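Numbering (UniProt numbering), first residue to last: 1 to 317.
Glycine included, each C-beta is placed from N, C-alpha and C at the ideal position.
Quick caveat: nothing in here was measured; it's all calculated off a predicted structure.
One structure below.
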């Protein structure tokens with residue numbers, strides 16, 4: 001099937017944005033709401049961000065969700081999307097394109113996202129995807145990583161480590177099969193989390209590369225130090241040792257929200273209606289320190305995933 005046929009059959013029906021022009025033009029007119037407009041982009045490569053045998057529908061879900069978490073973490077609501085799809089010349093059943101587009105459409109609808117445009121190509125390598133997503137800020141400006149203040153409490157939504165447990169099941173047969181879905185298509189906090197961030201967070205980001213490393217990044221951007229109480233972290237499953245805690249907290253692929261807020265906001269945060277846990281605080285100084293039940297612990301040299309670092313696993317986000 002030719003590229004134009006792909007677009008007409010599978011993706012034009014998803015192009016619900018007012019400025020999409022039915023995907024018949026080279027550009028799209030993006031909508032702007034009342035708040036400032038922000039944008040994010042995430043790419044996914046077969047064999048790096050997902051396994052070759054992952055169901056194509058979970059690949060579509062993950063592509064949307066890794067972008068949505070960035071928007072929510074800025075205190076915004078998702079808006080319109082631009083899709084780039086590089087489909088392999090060989091090795092994949094062309095019928096998967098329909099399954100992909102159906103799953104993509106369902107996931108976009110779930111988050112209220114309108115497809116505005118994109119590009120499709122044939123690649124001699126593996127499957128490649130990229131999504132650019134706009135968002136409308138729910139406050140006067142996006143919430144950045146660098147706005148933390150001394151004494152702010154550190155919070156995280158959802159659970160940490162489910163994707164790591166899924167990876168261990170997939171690659172080594174360890175842990176439980178129920179975690180595999182979190183690796184293939186991570187759970188996110190609800191859309192209301194964007195409102196919580198906009199209303200109460202001084203600094204925020206999503207947890208993509210690892211809770212420990214991302215907290216260190218947030219603190220550094222704020223010119224502060226961070227303290228984390230590992231026994232408070234809402235780990236997926238039961239973490240039975242310090243080694244396991246550190247592993248789950250440095251793996252990433254969680255796509256939950258990490259944020260700092262004044263202690264005066266704690267009551268509002270605790271009554272947000274979804275799972276949010278206080279795990280530490282920001283202080284004067286620099287660096288990241290950790291404790292377990294008040295006792296200091298030594299942190300590993302590598303706190304988070306980094307593309308290109310020697311020794312990192314072959315499939316990661």
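{"Query": "At least three beta-carbon pairs within less than 8 Å, the stretch 250–265 to the stretch 202–211", "Result": "yes"}
{"Query": "Backbone CA spacing between residue 127 and residue 163 [nearest angstrom]", "Result": "21 Å"}
{"Query": "Whole alpha helix (DSSP H) elements within the UniProt domain \"PurM-like N-terminal\" (35–136), 4-residue minimum", "Result": "56–72, 96–110"}
{"Query": "Through-space distance from residue 124 to residue 256, alpha-carbon basis", "Result": "34 Å"}
{"Query": "Contact under 8 Å by Cβ, residue 173 with residue 225", "Result": "no"}
{"Query": "N- and C-terminal bounds of the alpha helix (DSSP H) containing residue 259", "Result": "It is not in any alpha helix (DSSP H) - residue 259 instead sits in the beta strand (DSSP E) that spans 256–261."}
{"Query": "Burial state of residue 157 (16 or more Cβ within 10 Å)", "Result": "buried"}
{"Query": "DSSP-derived helix/strand/coil call for residue 30", "Result": "coil"}
{"Query": "Status (buried if at least 16 other CB within 10 Å, exposed otherwise) for residue 161", "Result": "buried"}
{"Query": "Rounded straight-line distance, which links the Cα of residue 303 to that of residue 312", "Result": "Bear in mind that a pLDDT of 47 at residue 312, under 50, signals an unreliable position, so the number given afterwards is only what the model happens to contain. Roughly 12 Å between the two C-alpha positions."}
{"Query": "Whole-angstrom distance between residue 165 and residue 82, CA atom to CA atom", "Result": "32 Å"}
{"Query": "Residue 295, enclosing alpha helix (DSSP H) - first and last residue", "Result": "Here residue 295 belongs to no alpha helix (DSSP H); instead the beta strand (DSSP E) covers 295–297."}
{"Query": "Exposed unless 16 or more other CB atoms sit within 10 angstroms - verdict on residue 98", "Result": "exposed"}
{"Query": "Same chain, Cβ closer than 7 Å to residue 380, five either side skipped, listed in chain order", "Result": "Here the chain covers residues 1 to 317 and nothing more, so residue 380 does not appear."}
{"Query": "From 30, 108, 34, 40, residue whose alpha carbon lies closest to that of residue 61", "Result": "108"}
{"Query": "Contact belief for residue 134 with residue 79 at Cβ below 8 Å, rounded distance in angstroms", "Result": "4 Å"}
{"Query": "Per-residue DSSP class, three states only, for residue 220", "Result": "helix"}
{"Query": "Option nearest residue 58 by Cα separation, candidates 247, 185, 235", "Result": "185"}
{"Query": "Rounded separation between residue 222 and residue 137 - CA only", "Result": "21 Å"}
{"Query": "Entirely enclosed beta strand (DSSP E) segments - the UniProt domain \"PurM-like C-terminal\" (149–292), minimum 3 residues", "Result": "153–157, 201–207, 225–229, 256–261, 276–283, 287–292"}
{"Query": "Three-state secondary structure assigned by DSSP to residue 139", "Result": "coil"}
{"Query": "Cβ-based neighbour list, residue 167, same chain, cut-off 6 Å, excluding 5 preceding and 5 following", "Result": "183"}
{"Query": "Residue 199 versus residue 288 - alpha carbon distance", "Result": "26 Å"}
{"Query": "Option nearest residue 47 by Cα separation, candidates 140, 171, 68", "Result": "171"}
{"Query": "Per-residue burial, residue 159 [other beta carbons within 10 Å of its own, 16 or more giving buried]", "Result": "buried"}
{"Query": "Straight-line Cα distance separating residue 52 from residue 314", "Result": "With a pLDDT of 49 at residue 314, under the threshold of 50, the modelled position of this residue cannot be trusted; read the value that follows with caution. One C-alpha to the other measures close to 12 Å."}
{"Query": "Other residues of its chain near residue 190: CB distance less than 6 Å, five sequence neighbours each side excluded", "Result": "274"}
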